[in-house]
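In the numbering used here, the protein residues as written are 1 to 335.
Given below as structure tokens:
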């Protein structure tokens with residue numbers, strides 16, 4: 001019997017009513033080291049030809065990719081290795097709001113380089129055991145070396161965040177240890193690492209300096225929104241004649257590609273609930289759902305994605321009599 005009391009072995013025996021002393025909780029068994037199967041590369045599915053971003057973002061990306069293409073010229077013929085011995089390594093940071101194509105781009109980079117991609121998320125790295133997160137980081141880089149894969153860290157702010165200066169417990173030490181190991185692995189990795197984040201301002205400065213290129217993924221401009229709608233409005237969708245990519249691009253100002261997809265799905269759902277010849281998507285359906293997405297962004301999604309703050313200053317003219325006495329005296333003296 002699995003109770004805290006001694007089991008009665010026979011009906012004639014006098015039961016021992018003394019509570020059993022609970023054993024001290026056993027130490028958790030040591031966590032196994034990450035296996036090779038923990039980090040497995042896969043084929044990249046997307047192409048740079050299908051990446052829809054503003055022209056400036058694409059140009060920044062192409063410059064970084066040409067650095068790989070012309071490595072021999074840059075570092076041997078032009079001898080850049082003399083002044084930048086570690087310049088051959090390629091670490092790229094993609095930052096900007098959610099839904100702007102960062103994850104798509106990471107996979108497209110791998111496709112462009114004819115390499116597999118090895119995705120790593122923080123849950124696969126983090127461990128409650130001090131020191132194990134650092135070992136997982138080492139294992140991820142080693143797996144990428146063996147597979148010649150592009151190593152991709154999504155939500156990289158969780159991994160590259162600022163190191164702690166006030167160490168109060170072993171877990172704090174483990175965080176800093178993991179950051180230091182990540183820096184060391186970046187220094188010694190000759191492959192391609194791609195980081196993506198919505199919160200670039202959380203990065204530790206040491207990582208910022210070691211990343212070759214930081215590419216901003218802004219919300220799509222008008223031309224990009226038009227191309228996205230042309231992509232999303234597939235032939236199978238029963239759209240009314242008034243649905244036009246140009247108008248939708250105007251309506252969707254301020255939305256990311258992912259948010260435009262959400263509005264499309266919501267508009268299609270509204271249409272499918274109707275019956276008969278009314279079961280098609282209208283411009284009004286799109287306008288309504290785009291407005292819902294925008295309202296949700298205003299009410300809920302006020303995040304800082306690493307962009308310079310947009311500070312709005314309100315000015316007004318005040319009478320001298322409104323100023324405090326000491327300020328008024330200084331103003332009179334200056335005049």
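Positions of the beta carbon are idealized from the N, C-alpha and C atoms, including for glycine.
It should be emphasised that the depicted structure is a prediction, and the values quoted were computed from it without experimental measurement.
With fewer than 16 other CB atoms across the displayed protein chains lying within 10 angstroms of its CB, residue 45 is exposed. Taking a 10 Å sphere around the C-beta of residue 115, we find 16 or more other C-beta atoms and assign the residue as buried. Annotated three-state conformation of residue 122 is helix, per DSSP. The region 174-194 makes contact with the region 131-145; the number of CB pairs closer than 8 Å reaches 3 or more. By the criterion of a C-beta distance shorter than 8 Å, residue 230 is surrounded in its chain by 245, once the five residues flanking it on both sides are discounted. The C-beta separation of residue 38 from residue 218 comes to about 35 Å, leaving the pair out of contact by the 8 Å criterion. Distance from the CA atom of residue 256 to the CA atom of residue 214, rounded to whole angstroms, is 19 Å. Leaving aside the five residues that flank residue 249 on each side, the residues in its chain whose CB is nearer than 7 Å to its CB run, in chain order, 222, 225, 226, 229. Distance from the CA atom of residue 151 to the CA atom of residue 144, rounded to whole angstroms, is 6 Å.
Under the three-state reduction of DSSP, residue 42 is assigned to strand.
Under the 8 Å Cβ criterion, the region 93-111 counts as touching the region 43-59, having at least three qualifying pairs.
Taking one beta carbon from each stretch, the region 294-301 and the region 268-285 have fewer than 3 pairs nearer than 8 Å; the two do not touch. Contact check for residue 155 against residue 196 passes: the beta carbons are separated by less than 9 Å. At a Cβ-Cβ threshold of 9 Å, residue 271 and residue 235 do not count as neighbours.
Within the DSSP bridge table, the entry for residue 91 names 193 as partners. If you ignore the 5 residues before and after residue 161, its C-beta comes within less than 6 Å of the C-beta of 202, all in its own chain and listed in chain order. The shortest C-alpha to C-alpha distance from residue 157 to any of 191, 96, 299 is the one to 96. Under the three-state reduction of DSSP output, residue 161 falls in the strand class. Looking at the backbone, the Cα of residue 82 and that of residue 71 are separated by about 14 Å. Exposure of residue 269 is indicated by the presence of fewer than 16 other C-beta atoms within 10 angstroms of its C-beta. By the criterion of a C-beta distance shorter than 7 Å, residue 122 is surrounded in its chain by 155, 158, 159, once the five residues flanking it on both sides are discounted. In the DSSP assignment, residue 213 falls within the unbroken beta strand (DSSP E) covering 213-216. Less than 9 Å divides the Cβ of residue 113 from the Cβ of residue 192.
Here residue 189 is near residue 141, since their CB atoms are less than 9 Å apart. Exclusion of the five residues before and after residue 252 leaves 225, 260, 290 as the residues of its chain whose Cβ lies within less than 6 Å of its Cβ.
With a contact defined as Cβ atoms closer than 8 Å, residue 220 and residue 98 miss out at about 13 Å. Taken through DSSP and simplified to helix, strand or coil, residue 109 comes out as helix. Counting along the chain, the unbroken alpha helix (DSSP H) around residue 286 starts and ends at 283-299. Here residue 40 is exposed, its C-beta having fewer than 16 other C-beta atoms within 10 Å.
A straight-line Cα-Cα distance of about 47 Å links residue 274 and residue 125.
Remark: C-beta atoms of residue 84 and residue 117 do not approach each other more closely than 9 Å. Cβ-Cβ distances below 7 Å link residue 147 to 41, 116, 118 in the same chain, with the five nearest sequence neighbours on each side left out; the list follows chain order. Beta-bridge partners assigned by DSSP to residue 117: 42, 150.
Annotated as distal: residue 212 and residue 58, with beta-carbon spacing of 9 Å or more.
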